[in-house]
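A quick write-up on the structure given underneath.
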Amino acid sequence: MTTTINLTLKVWRQKSHAVKGGLETYPSRHIPTDMSFLEMLDVVNEQLTLNGKDPIAFDHDCREGICGMCGAVVNGRPHGPEKGTTLCQLHMRHFSDGDTIVIEPWRSRAFPVIKDLATDRSALDQIIQAGGYVSVNTGSVPEANTIMISQETAELAMDAAACIGCGACAAACPNGSSMLFTGAKVSQLALLPQGKPEAATRAAEMVRTMDACGFGNCTNEAECEAECPKEISITHIARLNREFIKTGFLS
Amino acid sequence: MQSKKMRWTASMFWSSIGKKLLMALTGFCLCGFLITHLFGNLLLYSGKETFNAYSERLNSLGLISRFIELGLLFFAVIHVIIGAILFFQNLKARPVQYIVNKRAGGRTIGSATMPYTGFLLLTFVIFHLINFHFTDKTYATIYQIVSSTFTKPGYVTIYIAAIFITAIHIRHGFWSAFQTIGANHPKYMPVIRVISILFSIILGIGFGSIPIYMSLTG
């Protein structure tokens, strides 16, 4: 038997980046606790549409925590209160009947609001374009295992590669810095031999782009690590710092 | 080519990690100074003669101690200016604030208050230098100046509060400097974090006990 709960939502509504936004209150009734947070928003949106109102705009795609599209700040926590989950993986069973939930978009100068909870995160793409790539020869797929990589290194690189680029790190950072994102992207390539050809300028170029996008400066608050849905460690930021020292001052 | 290289390096210092590195390196130097300052001050416990002799010895170094003072001033100025720039840049990075703010467990009292404790420390250092450094020492030894200062309860309170603030600032600053220079390894980081807390406690008790001791024995 399914339990249902009744909630009060206070959602950030903003028509576009150019106009001022504000919180609007909506009731969210008879929500089965097995629903995900996004499904709950779908239900609210259906009701809003039936009432002739504009539905709440929010980003989403895979709804299984791997695409990095979803994300909103729920009661002050990016992706909600659960550890290591994206917003689509947050279930309503973590809320109680009668709760009031405040939902806000990512807040960063680099993430302008498109509409309501949807923000423009193309700044993260710009950081990737600045150096988050490797050069690969076209042609047939190279022989597997021609370059040997130890299991430990591969695992560590994979930990960094788990980053889905959702932007929760910058949303959680008290300084609005996306260092965990950039750290993960630099780390993933710095650990592997395939990433070496571009390593001479990668960290410096990506950091330069990150700064130009309007993100803040990292002051090692470690809030990003605590909020990251993929639980990426700030040791990857330390690796970025090392790579930066190498590319910026020692090259 | 040379100037291009120079410009590249200069632009690196102005980047977010460059500024962070400047904070870390100057912070390390200031931590080093605090350790020697603590050792010097603890000589107060071995009495008037030892402390005055230590002070004499420092002054007799002449140019060397002037050089070290200028170096410290230089590091402090960089630390303060870059710190202020970071503070204002970071305020600008989030033009619209969250309505609900909640911590996830990363922030500590030290990390959350760095700019504020830093500002308070700057005012304290100026106050402290006026008290003991830029004071007329023709008619009194440094020991007399210290002991007469700490007969006033107001001064004792200000100094203890300032030392408490220093300890909070260093509790974040010390481990953070290691993270910034890239020295974060799962094996060593837990130790560095513990050392950071111990270091701030030792500084707090070491410096903090002096005003109390002096006011009691004064």
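Those protein sequence lines, which keep their order, are chains B and Z.
Take 1 as the starting number for the first sequence in my numbering and just add one per residue.
Take 252 as the starting number for the second sequence in my numbering and just add one per residue.
Ideal placement from N, C-alpha and C gives every residue a C-beta, glycine not left out.
Computed from a predicted structure; not experimentally measured.
Is the beta carbon of residue i sitting closer than 8 Å to the one on residue j?
{"i": "His30 (chain B)", "j": "Glu227 (chain B)", "result": "no"}
{"i": "Val73 (chain B)", "j": "Ala171 (chain B)", "result": "yes"}
{"i": "Gly167 (chain B)", "j": "Gly71 (chain B)", "result": "yes"}
{"i": "Thr201 (chain B)", "j": "Gly132 (chain B)", "result": "no"}
{"i": "Ala428 (chain Z)", "j": "Gly291 (chain Z)", "result": "no"}
{"i": "Glu198 (chain B)", "j": "Val136 (chain B)", "result": "no"}
{"i": "Ala162 (chain B)", "j": "Lys83 (chain B)", "result": "no"}
{"i": "Leu281 (chain Z)", "j": "His330 (chain Z)", "result": "yes"}
{"i": "Ser362 (chain Z)", "j": "Glu225 (chain B)", "result": "no"}
{"i": "Leu312 (chain Z)", "j": "Phe284 (chain Z)", "result": "no"}
{"i": "Pro437 (chain Z)", "j": "Thr235 (chain B)", "result": "yes"}
{"i": "Met206 (chain B)", "j": "Ser267 (chain Z)", "result": "no"}
{"i": "Glu223 (chain B)", "j": "Arg345 (chain Z)", "result": "no"}
{"i": "Ala204 (chain B)", "j": "Ala434 (chain Z)", "result": "no"}
{"i": "Thr3 (chain B)", "j": "Thr33 (chain B)", "result": "yes"}
{"i": "Ile432 (chain Z)", "j": "Ala275 (chain Z)", "result": "yes"}
{"i": "Phe58 (chain B)", "j": "Leu124 (chain B)", "result": "no"}
{"i": "Ile5 (chain B)", "j": "Asp97 (chain B)", "result": "yes"}
{"i": "Val407 (chain Z)", "j": "Phe415 (chain Z)", "result": "no"}
Run through the DSSP bridge pairs and tell me what residue i is partnered with.
{"i": "Val136 (chain B)", "result": "In DSSP, Val136 (chain B) forms no bridge with anything."}
{"i": "Glu104 (chain B)", "result": "B:Val73"}
{"i": "Val11 (chain B)", "result": "B:Glu24, B:Ile103"}
{"i": "Ser36 (chain B)", "result": "B:His91"}
Taking only three categories from DSSP, how would you classify residue i?
{"i": "Lys271 (chain Z)", "result": "helix"}
{"i": "Thr2 (chain B)", "result": "coil"}
{"i": "Lys115 (chain B)", "result": "strand"}
{"i": "Pro81 (chain B)", "result": "coil"}
{"i": "Ile31 (chain B)", "result": "strand"}
{"i": "Tyr439 (chain Z)", "result": "coil"}
{"i": "Met210 (chain B)", "result": "helix"}
{"i": "Val347 (chain Z)", "result": "coil"}
{"i": "Ile414 (chain Z)", "result": "helix"}
{"i": "Pro174 (chain B)", "result": "coil"}
{"i": "Cys280 (chain Z)", "result": "helix"}
Point to revise | Residues in the segment 428 to 458 of chain Z having any Cβ partner in chain B nearer than 8 Å | key: The segment 428 to 458 of chain Z vs chain B, Cβ under 8 Å: Gln430, Thr431, Ile432, Gly433, Ala434, Asn435, His436, Pro437, Met440.
Review point. Which residues, taken in chain order from the segment 159 to 189 of chain B, show a beta carbon closer than 8 Å to some beta carbon of chain Z?
Key: Per Cβ criterion, the list reads Ala172, Pro174, Asn175, Gly176, Ser177, Met179.
Exercise for review: Check distances from the C-beta atoms of the segment 335 to 356 of chain Z to those of chain B and list, in chain order, the residues that come in under 8 Å.
Suggested key: Of all residues in the segment 335 to 356 of chain Z, only Leu337, Gln340, Asn341, Lys343, Ala344, Arg345, Pro346, Val347, Gln348, Tyr349, Ile350, Val351, Asn352, Lys353, Arg354, Ala355, Gly356 come within less than 8 Å of chain B when Cβ atoms are compared, listed by chain position.
Check your understanding: For the segment 367 to 391 of chain Z, which residues have a CB atom closer than 9 Å to at least one CB atom of chain B, in sequence order?
Key -> Within the segment 367 to 391 of chain Z, no residue qualifies.
Check your understanding: Does the segment 413 to 425 of chain Z come close enough to the segment 445 to 463 of chain Z that 3 or more CB-CB pairs lie under 8 Å?
Key -> With the cut-off at 8 Å, the segment 445 to 463 of chain Z and the segment 413 to 425 of chain Z touch.
**Study point:** Stretch pair the segment 102 to 121 of chain B + the segment 203 to 217 of chain B: three plus CB contacts closer than 8 Å
**Key:** Between the segment 102 to 121 of chain B and the segment 203 to 217 of chain B, the count of Cβ pairs shorter than 8 Å is three or higher; the stretches touch.
Review point. Any residues in the segment 199 to 218 of chain B with a beta carbon nearer than 9 Å to a beta carbon of chain Z? Which ones, in chain order?
Key: Within the segment 199 to 218 of chain B, the residues whose Cβ lies closer than 9 Å to some Cβ of chain Z are Ala203, Ala204, Val207, Arg208, Met210, Asp211, Gly214, Phe215, Gly216, Asn217, Cys218, listed in chain order.
Check your understanding: In the segment 73 to 96 of chain B, which residues sit with their C-beta less than 7 Å from some C-beta in chain Z, listed in chain order?
Key -> Legend: CB atoms of the segment 73 to 96 of chain B lying less than 7 Å from CB atoms of chain Z belong to residues Val73, Asn75, Gly76, Arg77.
Review point. Counting Cβ pairs, one atom from each stretch, are 3 or more of them under 8 Å apart for the segment 143 to 160 of chain B and the segment 185 to 199 of chain B?
Key: Output reads yes: the segment 185 to 199 of chain B touches the segment 143 to 160 of chain B.
Practice item. Check each residue of the segment 26 to 49 of chain B: if its Cβ is closer than 9 Å to any Cβ of chain Z, include it; give the result in chain order. Key: Within the segment 26 to 49 of chain B, not one residue has a Cβ closer than 9 Å to any Cβ of chain Z.
Check your understanding: Does the segment 44 to 54 of chain B come within contact of the segment 372 to 379 of chain Z, defined as at least 3 CB pairs closer than 8 Å?
Key -> Contact fails: fewer than three Cβ-Cβ distances are below 8 Å.
Practice item. Check whether the segment 61 to 68 of chain B touches the segment 82 to 98 of chain B, taking contact to mean three or more Cβ pairs, one atom from each stretch, closer than 8 Å. Key: In this structure the segment 61 to 68 of chain B touches the segment 82 to 98 of chain B; the number of beta carbon pairs closer than 8 Å is three or more.
Practice item. Taking a Cβ distance cut-off of 9 Å, strictly less, list which residues of the segment 257 to 274 of chain Z are near chain B, in chain order. Key: Listed in chain order, the positions of the segment 257 to 274 of chain Z with a beta carbon within less than 9 Å of a beta carbon of chain B are Trp259, Thr260, Ser262, Met263, Phe264, Trp265, Ser266, Ser267, Ile268, Gly269, Lys270, Lys271, Leu272, Met274.
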